[in-house]
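Undergrad: The structure under discussion is supplied below as structure tokens; questions concerning it will follow.
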Amino acid sequence: MSTVIDSLERAQLRRVPRFQAGDRVRVHFQVIEGTRRRTQVFEGVVIKRQGHGVRETFTVRKQSFGVGVERTFPLHSPKIEKIDVAARGDVRRAKLYYLRDRVGKRARVRERRYTGPEEIVEAGLLHDPVAQLEAEQAAADEAVDAEGATAEEAVETDAGTAAGTEPEAAAAPAETAEAAEAEAPADDKA
Numbered sequence: 721m722s723t724v725i726d727s728l729e730r731a732q733l734r735r736v737p738r739f740q741a742g743d744r745v746r747v748h749f750q751v752i753e754g755t756r757r758r759t760q761v762f763e764g765v766v767i768k769r770q771g772h773g774v775r776e777t778f779t780v781r782k783q784s785f786g787v788g789v790e791r792t793f794p795l796h797s798p799k800i801e802k803i804d805v806a807a808r809g810d811v812r813r814a815k816l817y818y819l820r821d822r823v824g825k826r827a828r829v830r831e832r833r834y835t836g837p838e839e840i841v842e843a844g845l846l847h848d849p850v851a852q853l854e855a856e857q858a859a860a861d862e863a864v865d866a867e868g869a870t871a872e873e874a875v876e877t878d879a880g881t882a883a884g885t886e887p888e889a890a891a892a893p894a895e896t897a898e899a900a901e902a903e904a905p906a907d908d909k910a
């Protein structure tokens with residue numbers, strides 16, 4: 721029974737960027753007003769993330785006209801169109817409830833100076849093997865080797881080597897070595 725529920729929940733997971741408490745995010749979500757549907761943007765500091773899987777939520781806090789506003793979003797909600805990470809925060813806590821008591825400049829979170837390589841999708845959230853294969857294929861196509869050639873150019877170069885364009889060049893050094901050996905005994909005889 722549990723495997724059925726797990727598989728249904730896994731199908732509900734969406735691709736989300738990696739972020740944590742202290743990061744400044746911009747959440748684009750759909751708002752339905754009567755018969756109209758529009759996208760609203762809520763930008764603020766993530767003060768907490770809780771739960772896991774389909775039930776995971778995060779809370780964003782911002783100052784609006786001098787009043788603190790918090791909003792909690794389900795991470796994998798279909799109403800969320802996208803999440804942009806505007807800045808990485810330098811904090812040592814998982815829950816930043818202390819920001820509620822602070823106002824003005826004291827309510828700011830320091831920005832992290834070095835963030836390292838970014839990951840687009842959180843590890844373990846993408847359980848669809850087809851989507852994982854497509855993501856790996858796209859990464860392999862964009863990969864560039866040390867000489868600056870893309871993977872496709874490297875394959876073409878390898879195909880040219882297999883077709884016989886460079887074996888002649890490989891034979892030339894062997895002929896040079898044989899000629900050097902032929903000259904060496906001639907010098908010994910003289």
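In terms of the numbering used here, the sequence shown opens at residue 721 and continues consecutively.
Note that the Cβ used here is the ideal one computed from N, Cα and C, for glycine as well.
No experiment lies behind these values; they were computed from the predicted model shown.
Does the structure place the stretch 775 to 785 close enough to the stretch 749 to 756 that three or more beta carbon pairs sit under 8 Å?
TA: Three or more beta-carbon pairs separated by less than 8 Å are not found between the stretch 749 to 756 and the stretch 775 to 785, which leaves the two stretches without contact.
Undergrad: Quickly, what does DSSP pair K782 with across the bridge? List them, please.
TA: V789
Undergrad: Taking the beta strand (DSSP E) that Q740 falls in, what are its first and last residues?
TA: Where Q740 is concerned, there is no enclosing beta strand (DSSP E), given that its DSSP letter is neither H nor E.
Undergrad: Assign V780 to one of two classes, buried (16 or more other C-beta atoms within 10 Å of its C-beta) or exposed (fewer than that).
TA: buried
Undergrad: Are the beta-carbon atoms of V789 and V811 separated by less than 8 Å?
TA: no
Undergrad: Using DSSP with H/G/I as helix, E/B as strand and the rest coil, what is V747?
TA: strand
Undergrad: Please classify G809: does DSSP put it in a helix, a strand, or coil?
TA: Annotated three-state conformation of G809 is strand, per DSSP.
Undergrad: Are I803 and P737 closer than 8 Å when you measure CB to CB?
TA: yes
Undergrad: Among all the DSSP beta bridges, which residues are the ones paired with D804?
TA: R746
Undergrad: Taking only three categories from DSSP, how would you classify R758?
TA: strand
Undergrad: To the nearest angstrom, report how far apart G915 and R833 are at their CA atoms.
TA: For the chain, the structure presents residues 721 to 910; residue 915 sits outside this window and is missing.
Undergrad: Does DSSP put K768 in a helix, in a strand, or in coil?
TA: strand
Undergrad: Does DSSP classify H796 as helix, strand or coil?
TA: coil
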